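In case it helps, this note's numbering puts the sequence shown at residues 2 to 255.
Ideal Cβ positions, reconstructed from N, Cα and C, are used throughout, including at glycine.
All of these numbers come straight from a predicted model, not from anything done at the bench.
Reading through the structure tokens given below for one structure.
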Amino acid sequence: MSKQPVIIVKNLRKSYGQFEAVKGVSFEVYEREIFGLLGPNGAGKTTTLEIIETLREKSEGSVTVAGLNIEKEANRIKQIIGVQLQAAGYYPSLTLVELIRLFAGLYNVEADPMEMLRKVGLEDKHKAKYKELSGGQKQRFSIATTLINRPEIIFLDEPTTGLDPQARRNLWELIRQVRDGGTTVVITTHYMDEAEQLCDRVAVMESGQIIALDSPDSLIDQLVSTGFERKKEVKKASLEDVFLQLTGHEWKAE
Ligand code: ATP
Numbered sequence: 002m003s004k005q006p007v008i009i010v011k012n013l014r015k016s017y018g019q020f021e022a023v024k025g026v027s028f029e030v031y032e033r034e035i036f037g038l039l040g041p042n043g044a045g046k047t048t049t050l051e052i053i054e055t056l057r058e059k060s061e062g063s064v065t066v067a068g069l070n071i072e073k074e075a076n077r078i079k080q081i082i083g084v085q086l087q088a089a090g091y092y093p094s095l096t097l098v099e100l101i102r103l104f105a106g107l108y109n110v111e112a113d114p115m116e117m118l119r120k121v122g123l124e125d126k127h128k129a130k131y132k133e134l135s136g137g138q139k140q141r142f143s144i145a146t147t148l149i150n151r152p153e154i155i156f157l158d159e160p161t162t163g164l165d166p167q168a169r170r171n172l173w174e175l176i177r178q179v180r181d182g183g184t185t186v187v188i189t190t191h192y193m194d195e196a197e198q199l200c201d202r203v204a205v206m207e208s209g210q211i212i213a214l215d216s217p218d219s220l221i222d223q224l225v226s227t228g229f230e231r232k233k234e235v236k237k238a239s240l241e242d243v244f245l246q247l248t249g250h251e252w253k254a255e
């Protein structure tokens, strides 16, 4: 994998009044990787991401996205990134095809709605309205909308929250496909199994600071090398394995 940095964050700080939510973080995201931002509630992940997405102003530090400065070139950055809309942004009575046409119009780009839906396994649902989709289908659709402007980088904020185990796996597969297609993916999640399976590298944030940054494998090895051992003996299978065996692995199962 190429190690070219596509996002460079240096000494980023963000204060809300007297409260400093981000306390001088520095990190790089490489081209074509899945980069995870992890950390407890309130750690400063969303604040950091929204500054990179040019949706919030920083207090101090510097951020470049694909060589573009977030202050001077925010409009150009918006053209090359894909951000998930909150569900409220989807007109509930429009069909998926109509919604993709609408977003393409907003981005001022050409997009083939059926091709976009095919990418996320929703071509069967092209006549469905957003409100008629299941939770997993809504998340997949929301990923399709981040891809409309053929972005270099997409940002996914807790994309699998609330999904069943199979739908989560389907979404991981989709996110890997997006990465393999050449797009850098920045993701937040509270599921550590997801970060372990999906992310090439993760940064762990706590109280506005990055306290670890490496591949999941290296972080696990570092912990094991300190003599750490799990307290409980782990069984050869989990209840999740039982669930997946019982309910099948089919994409359509969702
Ligand atoms: P979560 O995992 O719960 O989504 P997070 O890591 O994304 O959390 P942020 O949303 O970045 O955390 O919030 C970091 C801190 O900044 C929190 O203490 C939050 O209350 C505070 N904060 C966030 N946005 C604002 C705002 N607009 N005004 C004031 N304080 C804010």
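Go ahead and label residue i buried or exposed: buried means 16 or more other beta carbons lie within 10 angstroms of its beta carbon, across all protein chains shown.
| i | result |
| --- | --- |
| residue 231 | exposed |
| residue 42 | exposed |
| residue 239 | exposed |
| residue 257 | The question about residue 257 has no answer here: the residues shown for the chain are numbered 2 through 255. |
| residue 162 | exposed |
| residue 70 | exposed |
| residue 12 | exposed |
| residue 4 | exposed |
| residue 246 | exposed |
Taking 7 angstroms as the CB-CB limit, is residue i close to chain C?
| i | result |
| --- | --- |
| residue 117 | The chain labelled as chain C is not found in the depicted structure, where only one protein chain is given. |
Could you check where the alpha helix (DSSP H) with residue i kicks off and where it finishes?
| i | result |
| --- | --- |
| residue 140 | 136-147 |
| residue 222 | 217-226 |
| residue 49 | 46-53 |
| residue 181 | 166-181 |
| residue 197 | 193-199 |
| residue 247 | 240-248 |
| residue 110 | That residue, residue 110, is in no alpha helix (DSSP H); it is neither H nor E in DSSP. |
Any chance the CB of residue i is under 6 angstroms from a heavy atom of the ligand ATP?
| i | result |
| --- | --- |
| residue 22 | yes |
| residue 171 | no |
| residue 196 | no |
| residue 44 | yes |
| residue 48 | yes |
Determine the contact status of residue i and residue j, defining contact as a CB-CB distance below 7 angstroms.
| i | j | result |
| --- | --- | --- |
| residue 32 | residue 185 | yes |
| residue 150 | residue 108 | yes |
| residue 63 | residue 14 | no |
| residue 55 | residue 23 | no |
| residue 6 | residue 29 | yes |
| residue 217 | residue 195 | no |
| residue 140 | residue 172 | yes |
| residue 9 | residue 65 | yes |
Taking 6 angstroms as the line, does the beta carbon of residue i fall inside it for any heavy atom of the ligand MG?
| i | result |
| --- | --- |
| residue 17 | You won't find the ligand MG in this model; what it holds is the ligand ATP. |
First and last residue of the beta strand (DSSP E) that includes residue i?
| i | result |
| --- | --- |
| residue 207 | 202-207 |
| residue 39 | 35-39 |
| residue 8 | 6-17 |
| residue 24 | 20-31 |
| residue 81 | First-last for residue 81: 75-81, but that is the alpha helix (DSSP H), not the beta strand (DSSP E). |
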